[in-house]
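Residue numbers 4 to 119, in our numbering, belong to the letters of the sequence shown in order. Read the structure below first, then the notes.
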Amino acid sequence: MKFAAVLVVNYLTPWYELSLDERITVEHEHVFPSIGAFVKRGGEITPVRAIKYGREAESFFILGFDEMDNYLDLVRELRSSRLLTSGLAVIDFETVGLKEAYFAERDKDRSREGAA
4 MKFAAVLVVN YLTPWYELSL DERITVEHEH VFPSIGAFVK RGGEITPVRA IKYGREAESF
64 FILGFDEMDN YLDLVRELRS SRLLTSGLAV IDFETVGLKE AYFAERDKDR SREGAA
């Protein structure tokens, strides 16, 4: 994977006011399809659930992908999902970067050009 990203989702009070069955339904109907589409387009995703002081929980996702459009599609889909539009959760933080191996490949190619 060329790019790596971290996406942090914080669940808000209205999320915890839903029953467990309602939360599962929201995830299955509004979140998992977006994540599934991201993976089908070649992305990799590792979900992580963390307990945080002052909040019930947050999730963060570690993503790998080769095409920036694939990531942007996922973010657009999540931002328009019921999870976020209904105030159940927010994306608090996201960051994207190139994996270091790709810098090494670029630098290796540049050193060959300089030697020529």
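Backbone N, C-alpha and C define an ideal beta-carbon position, used for all residues, glycine too.
Cutting at 6 Å between CB atoms, please list the residues of its own chain near residue i, excluding the five before and the five after it.
i          : result
residue 64 : 10, 48 and 50
residue 70 : none
Kindly list the residues whose CB is nearer than 8 Å to the CB of residue i, restricted to its own chain and excluding five residues on each side of it in sequence; keep chain order.
i           : result
residue 100 : 6, 7 and 8
Could you compute how far the alpha carbon of residue i sits from the alpha carbon of residue j?
i          : j           : result
residue 62 : residue 103 : 25 Å
residue 81 : residue 93  : 10 Å
residue 75 : residue 14  : 21 Å
So is residue i buried or exposed if we call it buried at 16+ other beta carbons inside 10 Å?
i          : result
residue 41 : buried
residue 1  : Residue 1 lies beyond the stretch modelled for the chain, which goes from 4 to 119, so this question has no answer here.
residue 68 : buried
residue 45 : exposed
Just verifying my parser: in three-state terms, what is the DSSP assignment at residue i?
i           : result
residue 87  : helix
residue 113 : helix
residue 67  : strand
residue 46  : coil
residue 75  : helix
residue 15  : coil
residue 21  : coil
Within its chain, find whatever has a CB closer than 7 Å to the CB of residue i; leave out the 5 residues flanking it on each side and keep chain order.
i          : result
residue 18 : 26, 91 and 92
residue 39 : none
request  = Please determine if the stretch 32-39 and the stretch 79-90 are in contact, where contact requires at least 3 C-beta pairs separated by less than 8 Å.
outcome  = Yes: the two stretches touch, three or more of their Cβ pairs being nearer than 8 Å.
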